[in-house]
Amino acid sequence: MKSKKGTSLILLIESILKKIGNLLSGLPAIYTSLFLLLALVIVFFTGNKNFLSLYNIKAISNSSIILLAVGAGQCFVILSGGIDLSVGGIMSLVSIVYIIGLEKFGLLSFPLTLIIGCAAGLLNGILYTKLRIPSFICTLGTGGIFVSISYLLSPAPLSVPYRLFKYIDVVNGSVIGIKNIWFIALIILGLYFILQNYTYFGRTIYAIGSNEKMCWISGINVDRSKIFAFVFSGFGSAIAGIILASTLYSGYASLGDIYVLNSIAVVVIGGTALTGGVGGILNTFVGALIMGVIRNGLLLAGVDVYQQQVFIGLLIIVAVTLTFDKSKVSVIK
Amino acid sequence: MNSNSILEMINVNKSFPGVKALQNVNLIVHQNEIVGLVGENGAGKSTLMKIIIGIYEMDKGKMKLYGKDVKLSNSKMAIQMGVGMVFQEGSLIPNLSVAENLFLGHENRFKRYGLISISKVMEEAKKQLNRVGLNIDPKTYIYNLSQAYQQMVEVARLLWLSNIYHVENPLLILDEPTTVLTSKEIEQLFNILREIKNDASIIFISHRIEEIFELSDRIVVLRDGKNAANMKASDTNIHQVENLIIGRGLSKEYYNESEQKEPEDEVLLKVNGLEKKGSFRPISFLVKKGEILSLVGVVGSGKEDICKCIFGIMKPDDGIISIEGKEVKINKPEDAVKAGIGYVPINRREEGLALQMDVMSNITLVMLKKIIRNGLINSQVEKEKALYWIKKCSILTPSLKTICKNLSGGNQQKVVLVKWLAVNVKIMILNHPTRGVDVGAKEEFYKILRFLALEGMAIILLSDRLEEDIGLCNRMIIMKDGNVTKELTCSVNNKPTPVDIISYIV
Chain A
66 MKSKKGTSLI LLIESILKKI GNLLSGLPAI YTSLFLLLAL VIVFFTGNKN
116 FLSLYNIKAI SNSSIILLAV GAGQCFVILS GGIDLSVGGI MSLVSIVYII
166 GLEKFGLLSF PLTLIIGCAA GLLNGILYTK LRIPSFICTL GTGGIFVSIS
216 YLLSPAPLSV PYRLFKYIDV VNGSVIGIKN IWFIALIILG LYFILQNYTY
266 FGRTIYAIGS NEKMCWISGI NVDRSKIFAF VFSGFGSAIA GIILASTLYS
316 GYASLGDIYV LNSIAVVVIG GTALTGGVGG ILNTFVGALI MGVIRNGLLL
366 AGVDVYQQQV FIGLLIIVAV TLTFDKSKVS VIK
Chain B
48 MNSNSILEMI NVNKSFPGVK ALQNVNLIVH QNEIVGLVGE NGAGKSTLMK
98 IIIGIYEMDK GKMKLYGKDV KLSNSKMAIQ MGVGMVFQEG SLIPNLSVAE
148 NLFLGHENRF KRYGLISISK VMEEAKKQLN RVGLNIDPKT YIYNLSQAYQ
198 QMVEVARLLW LSNIYHVENP LLILDEPTTV LTSKEIEQLF NILREIKNDA
248 SIIFISHRIE EIFELSDRIV VLRDGKNAAN MKASDTNIHQ VENLIIGRGL
298 SKEYYNESEQ KEPEDEVLLK VNGLEKKGSF RPISFLVKKG EILSLVGVVG
348 SGKEDICKCI FGIMKPDDGI ISIEGKEVKI NKPEDAVKAG IGYVPINRRE
398 EGLALQMDVM SNITLVMLKK IIRNGLINSQ VEKEKALYWI KKCSILTPSL
448 KTICKNLSGG NQQKVVLVKW LAVNVKIMIL NHPTRGVDVG AKEEFYKILR
498 FLALEGMAII LLSDRLEEDI GLCNRMIIMK DGNVTKELTC SVNNKPTPVD
548 IISYIV
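One line per chain: the protein sequences are A and B, in this order.
Position 89 of the first sequence, counted from 1, bears residue number 154 in this note's numbering, the numbering being contiguous throughout.
Position 135 of the second sequence, counted from 1, bears residue number 182 in this note's numbering, the numbering being contiguous throughout.
In C-alpha cells form, the structure reads like this:
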C-alpha cells in the first residue's frame, strides 16, 4: 500500500514537472533558469521579508560570486565536453598560498596565486590531452595532489594576521559604497562572456563539445583549446579561492572540498548540458544566483545546516529537470 | 501476389509548427509485398514511417492493420502488432553480443531453474540467424560486425519478435539501409529480403532508385508531403520515377557537361609514391588547376584511404605530397588545411558538422581565424561572410542562427562544403558528397562543383555512382584491391560508359 502511494506521488510530481516543462519548452534554457530564480526569490521573500534586505542581498551575492568564479571556469571545461574535478583542490591550494604570499610579498600575492591557479589548470590540460585519458580521471588525480600539497604547505588552517587586513581589503573593501567583490564579479562575467562569444577559443570549445572529430578534421587545434579551457578553469578557481579565503580571513586544505560538486551543480542548474556544446557563462551566472539564493533562503527559513543538503539536492534535481534542454541532446548520460 | 492488405494508411495528415509534413497521404501494403518508398529529403517519408511505428501521432487520418482500425501510441505497441523498423543509424547495442541483442528484454523466455540458460539462448539465436541467412557465431559482439550484418541482426530480431507475438505476416520498414553498405553487402541484403518476403511485407526506403527497382513490387512516390504516384514497378521506369520525385523534368544536362572545361596547365597537387601497406600500393598522380579527378573503385579498393592519407587523417607509410610545386609535410588534418586542402567527409553528421551549433558558426568555423582583430572575432564580417555563402550556394535556412540539426540533408551537406569554400581552399577532396542527398539537391551540388572547377579549384571526387563520376570528372583513376587498374580521360565529347569501366573495378 505504502509503496503504491509512493509511486503515485512520484508520478504526480513527474506530471506536474512535465507540464511546467511543456510551458517552458521552446524557450532557451536560460529563461527557464531565470524563471526558477524568480520563483525562488518570491517564495523566500513571502516567507521572510528580510530576505531582500540590503544586508541579506550582500550575503547572497557573496556566496554567489564565489560560485560564479569557480563555475565560470568549470562551465568552459563542460562546454568542451570534459569535466574538472580539481577545482576544489586548486581553491584550497590557492587559499593557503594566498595567505603565505600576503605575509611574504604583500599585494604581489594576488598575481602569484592567479598564476598558480592557471598553472594548475595548464597541468590538467596537458595531462588530459597528451596522455589521452578521461578528464574525469585526470582531474580526480590532480585534485588530490593539489589538496596534498596544501596540507604539506600548511597542515593547520592559516589565519590572516590583523596587520595584513589592509591587503585583504582589495577583496573585502568597498568603493563609493559598492563592494569590491561586485566589481570582481562583473570583471569575471565580462571576461568569460567575451572569451566565450568573441574569441576563436570560445567558438572552438562549443564546436569541440558538439563534435570533436569534426573539429579535428576541420584543422582546429583541439588539444590547445581544451588546454585553454582548463587554464581558465584554474584561473576561475584561483579567484574563488582568493575571495573565499578573504571572506573567511583564513585558508586551509579542505576549503575547496564542497566546491567540486557545487561548481558542477551551478553549471548544470543554469542549463548547460554535461554532454558539452550547449549552454554558456550566462547560464552559469543564473545558476550561481539560484544556488546562492537557495542556500541563503534555507538559512533564513531556519533550516538547519544538515537538513539543507536535502533541499539543495532536491532543488538541483528539479532545476535540471526544468532547465536541461533535452531538444538539443539526444542521449542523456 | 496476394491482395490482402496488411497496412492501410488513409488520408493521413500531420503538421509540425510551420510545416504541413503530410497532407491526405495514403499508403497500402499488401501481404508478401515489397513497397519501395521514394521522395526527396523532406517529402514526408520519415514522418509517415514514424506514424506507422507509433513514434508520432497523426493529426487526422486512419490506420488499419490487418483490416482493423488501430491507434498506436508507441513503438512497443507497433512491435507487438508486428510492425518494426530498421533505422538508418541502427538500434543495436554495440557492446553486447548478437544473441543478447536479439532477445534483449525477453530473456525470461529462456529460463531454466530460474536462471537464464545460455545454451537455450544460443540455440534459438542460431535458429533465428539462419532464418535471415546469417552464418555467424551468436556470441560475436555487435561492434565486430559489418553494418550489413548488423542490419540483418535487426531484421532477425524484428522477425523473432513478430513470431513471439504470433503475428503471421509482419511488416518490416527499412529506412535507407543501403547507404552504409558495400555493393556486395547490398546484394546479400536483397537476397535475404526477397527470402523474407515469403512470410512478411516490407517497406523499403532508398535514395538510390536503381535499388528500388531491383527490389520492389510496387513504388510509392511522395512529394512535398503528398502522394505523387503509386505504381507497379513493372509499369514504370527510372526516368519517370526520378521526374515524379522532383516534380519537374530533370534537366537533360544533369551533370552540366557542357560547362566542363579542359583543366589549366598548372599542377596544384602532386602525389608521388604514396603508399599505405595493407590498403593501397604506391600511387602517383597529378591534379591540375580546374580539374575534377575521380578515384573510382569499390569500398576497400583503397581510394578512400588515399584521400585520408593526403588529408592527414591517416598516416601513409611512404610518399611525397606537393602543393603548387612545393613539398608539404602533412601529419594531421591541421597541416592539410594550412596547405590549402579542404575535405568533405563521407559521414557529415559524425565528421562534417557541429549539429547543435547554428548555421553561421558551422560555415565560419574554419575561416574564423582570418577575421580576428585584436584577438576578437569581427562579428559583422562573420555575419556578412556567412550570408554571402548562404546566398551563393542557395542554402535553405530560416536564419543564420538556425541549429544545423534542423536543416535538410542536402542543405547540411552544402554547409559542410561552404565551410571550406569560405577559406578559399585550392584543393578539395569530396568523399561521397551526394550520399543521402535527394535528387534535386544533387543537381544543385553538381552545378556548384562545375562552378568551382571553372574558378580553378582542383577537385578529387569519390562517388557512389559510376554515372556521377563519369558525368562530372575530367579524368578518372580506377582502382581495384589497392592497385591502379586504369586511367581514363573523360573529356566532354568522349565520356566512357559504365560498361567500359566496370571490368576494371571488379
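Even glycine gets a Cβ: it sits at the ideal position worked out from N, Cα and C.
*With 8 Å as the limit, tell me which residues of the region 127 to 149 of chain B have their beta carbon closer than that to any beta carbon of chain A; keep them in chain order.*
none
*Does any C-beta atom of chain B lie closer than 8 Å to the C-beta of alanine 294(A)?*
no
_Proximity winner among Leu144(A), Ile214(A), Gly378(A), Gly206(A), relative to methionine 404(B) (alpha-carbon distances)_ = Leu144(A)
*Rounded to the nearest angstrom, how far is the Cβ of methionine 361(B) from that of lysine 323(B), given a contact under 8 Å?*
7 Å
*Is tyrosine 390(B) helix, strand or coil by DSSP?*
strand
*Would you mind reading off the limits of the beta strand (DSSP E) that contains proline 329(B)?*
327 to 335
*Quick one: grab the DSSP three-state call for phenylalanine 376(A).*
helix
*Min CB distance methionine 404(B) to chain A below 8 Å*: yes
_Sequence-distant residues of the same chain with beta carbon closer than 7 Å to serine 326(B), five excluded per side_ = Gly349, Asp352, Gly529
*Alpha-carbon to alpha-carbon, leucine 176(B) and valine 145(B)*: 9 Å
*Hey, quick one: how far does the alpha helix (DSSP H) through isoleucine 57(B) stretch, first residue to last?*
Isoleucine 57(B) -> not in any alpha helix (DSSP H); beta strand (DSSP E) instead, spanning 52 to 63.
*With burial defined as no fewer than 16 other Cβ atoms inside 10 Å of the residue's Cβ, what is the status of aspartate 71(B): buried or exposed?*
What sits at residue 71(B) in the sequence shown is asparagine, not aspartate. Exposed is the call here.
*asked:* I want to know whether the region 267 to 285 of chain A touches the region 380 to 392 of chain B - three or more CB-CB distances under 8 Å.
replied: yes
*Opening and closing residue of the beta strand (DSSP E) in which glycine 83(B) lies*: 81 to 85
*Residues that valine 332(A) contacts on chain B, provided the C-beta gap is smaller than 9 Å*: Neighbours of valine 332(A) on chain B: none; closest Cβ ~17 Å, over 9 Å.
*How about lysine 416(B): is its C-beta nearer than 8 Å to some C-beta of chain A?*
yes
*Could you give the distance in angstroms between the alpha-carbon of isoleucine 388(B) and the alpha-carbon of asparagine 303(B)?*
25 Å
*asked:* Please tell me whether arginine 197(A) has its Cβ less than 8 Å away from any Cβ of chain B.
replied: no
*the region 220 to 235 of chain B touching the region 89 to 101 of chain B, judged by at least three CB pairs closer than 8 Å*: yes
*Of all the options Cys280(A), Val106(A), Val152(A), Val225(A), which has the alpha carbon lying nearest to the alpha carbon of serine 319(A)?*
Val152(A)
*Could you tell me if lysine 336(B) is buried or exposed, where buried requires 16 or more neighbouring beta carbons within 10 angstroms of its beta carbon?*
buried
*In angstroms, rounded to a whole number, what distance separates the CA positions of glutamine 372(A) and alanine 384(A)?*
19 Å
_Counterpart residues of asparagine 478(B) in DSSP-defined beta bridges_ = Leu509(B)
*What is the DSSP secondary structure of threonine 264(A), reduced to helix, strand or coil?*
coil
_Distance check for isoleucine 100(B) and methionine 128(B), CA to CA, integer angstroms please._
10 Å
*Going by Cα to Cα distance, which pick from Ala221(A), Gly316(A), Gly136(A) is closest to aspartate 149(A)?*
Gly136(A)
*Taking the C-alpha atoms as reference points, what is the distance between arginine 270(B) and asparagine 290(B)?*
11 Å
_Here's a check: name, in chain order, each residue in its chain whose Cβ is nearer than 7 Å to the Cβ of asparagine 113(A), leaving out the five neighbours to either side._
Leu365, Ala366
*Does DSSP put lysine 84(A) in a helix, a strand or coil?*
helix
_Contact criterion: CB-CB distance below 8 Å. Does tyrosine 265(A) meet it with respect to chain B?_
yes
*Return helix, strand or coil for methionine 526(B), following the three-state DSSP convention.*
strand
*Residue ranges of each beta strand (DSSP E) run of no fewer than 3 residues wholly in the region 129 to 175 of chain B, ordered along the chain?*
130 to 133
*Do we get a CB-CB distance below 8 Å when we pair valine 383(A) with the residues of chain B?*
no
*Counterpart residues of serine 315(A) in DSSP-defined beta bridges*: Ser224(A)
*asked:* Does lysine 542(B) come out as helix, strand or coil in the three-state DSSP assignment?
replied: coil
*Please say whether valine 133(B) and valine 179(B) have beta carbons closer to each other than 8 Å?*
no
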